[in-house]
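Peer 1: Numbering-wise (the numbering used here), the sequence shown opens with residue 82 and increments by one.
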Amino acid sequence: MRGRLTGLALALAATAALAQTQQQRDWCFAPGPTNGQAIEGCTALIESARETSASKAAAYHHRGFAYEREGWLAWAIADYTAAIALKPDNAGPYDNRAAAYEKRGLRDAAVADYRAALKINPNLDMPRAGLKRLGATP
Numbered sequence: 082m083r084g085r086l087t088g089l090a091l092a093l094a095a096t097a098a099l100a101q102t103q104q105q106r107d108w109c110f111a112p113g114p115t116n117g118q119a120i121e122g123c124t125a126l127i128e129s130a131r132e133t134s135a136s137k138a139a140a141y142h143h144r145g146f147a148y149e150r151e152g153w154l155a156w157a158i159a160d161y162t163a164a165i166a167l168k169p170d171n172a173g174p175y176d177n178r179a180a181a182y183e184k185r186g187l188r189d190a191a192v193a194d195y196r197a198a199l200k201i202n203p204n205l206d207m208p209r210a211g212l213k214r215l216g217a218t219p
């Protein structure tokens, strides 16, 4: 009897852990959570041993965006940089890091990242607009 109860308790704990992971995934990737929830959810995914490099890159990107919305630009830049290191063929983190650099007054870094984003995807409007704002050519 005791063994069955222990097994049931372990099964319930495992189910709760999976549900929590889904909630954290939703907080990281779905629209609607607060910045704090997004940061918490993405951090859990980044720290998880079960996530792929691509998934961790996306989590860094989303957490960076939440940091940026909070005004924590240095942390946002660090997360965008981590996302780029894991998946350098994604223009999004370059574009977002460029915007964060621009907000910090780091023009040359912003221009370089806007250009990198356009090199990956020449059809993006945001990097092109950023370059125009900074008086730079694509």
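Where is the CB? At the ideal position from N, CA and C, for every residue including glycine.
Please classify Asn-204: is it buried, with 16 or more other beta-carbons within 10 angstroms of its beta-carbon, or exposed?
Peer 2: Taking the first residue of the sequence shown as 1, we reach residue 204 at position 123. Its Cβ having fewer than 16 others within 10 Å, Asn-204 is exposed.
Peer 1: Do the CB positions of Pro-174 and His-143 come within less than 8 Å of each other?
Peer 2: On the sequence shown, residue 174 is found 93 positions in, with the first residue counted as 1. On the sequence shown, residue 143 is found 62 positions in, with the first residue counted as 1. No, these two residues do not count as a Cβ contact at 8 Å.
Peer 1: Can the beta-carbon of Asp-176 be found closer than 8 Å to that of Ala-159?
Peer 2: On the sequence shown, residue 176 is found 95 positions in, with the first residue counted as 1. On the sequence shown, residue 159 is found 78 positions in, with the first residue counted as 1. Cβ distance not < 8 Å, so Asp-176 and Ala-159 don't count as in contact.
Peer 1: Give the straight-line distance between the Cα atoms of Ala-138 and Ala-157, rounded to the nearest whole angstrom.
Peer 2: By one-based count along the sequence shown, residue 138 stands at place 57. By one-based count along the sequence shown, residue 157 stands at place 76. Ala-138 and Ala-157: Cα-Cα distance of roughly 13 Å.
Peer 1: When you compare the CB positions of Leu-126 and Ala-140, do they come within less than 8 Å of one another, or not?
Peer 2: Start at 1 with the first residue of the sequence shown, and residue 126 comes out as number 45. Start at 1 with the first residue of the sequence shown, and residue 140 comes out as number 59. Yes; because the gap between Cβ atoms is below 8 Å, this pair is in contact.
Peer 1: Considering only C-alpha positions, which residue in the set Asn-202, Thr-162, Gly-211 and Arg-196 is nearest to Gly-186?
Peer 2: Position 105 of the sequence shown holds residue 186. Checking every option, the nearest Cα to that of Gly-186 belongs to Gly-211.
Peer 1: Closer than 6 Å by C-beta to Ala-181: which residues in its own chain qualify, once you throw out the five before and the five after it? Chain order, please.
Peer 2: Here the question's residue 181 lines up with position 100 in the sequence shown. Cβ neighbours of Ala-181 beyond the five flanking positions: Glu-149, Leu-154, Ala-157 and Ile-158.
Peer 1: Kindly give me the distance between the Cβ atoms of Ala-135 and Lys-168, rounded to whole angstroms, as I take these residues to be in contact under 8 Å.
Peer 2: Numbered from 1 along the sequence shown, position 54 holds the residue referred to as residue 135. Numbered from 1 along the sequence shown, position 87 holds the residue referred to as residue 168. With 8 Å as the limit, Ala-135 and Lys-168 qualify as a contact, their Cβ atoms being about 6 Å apart.
Peer 1: If you draw a straight line from the alpha carbon of Ser-129 to that of Pro-114, how long is it in whole angstroms?
Peer 2: Locating residue 129 in the sequence shown gives position 48, where the first residue counts as 1. Locating residue 114 in the sequence shown gives position 33, where the first residue counts as 1. Whole-angstrom Cα-Cα distance: 20 Å.
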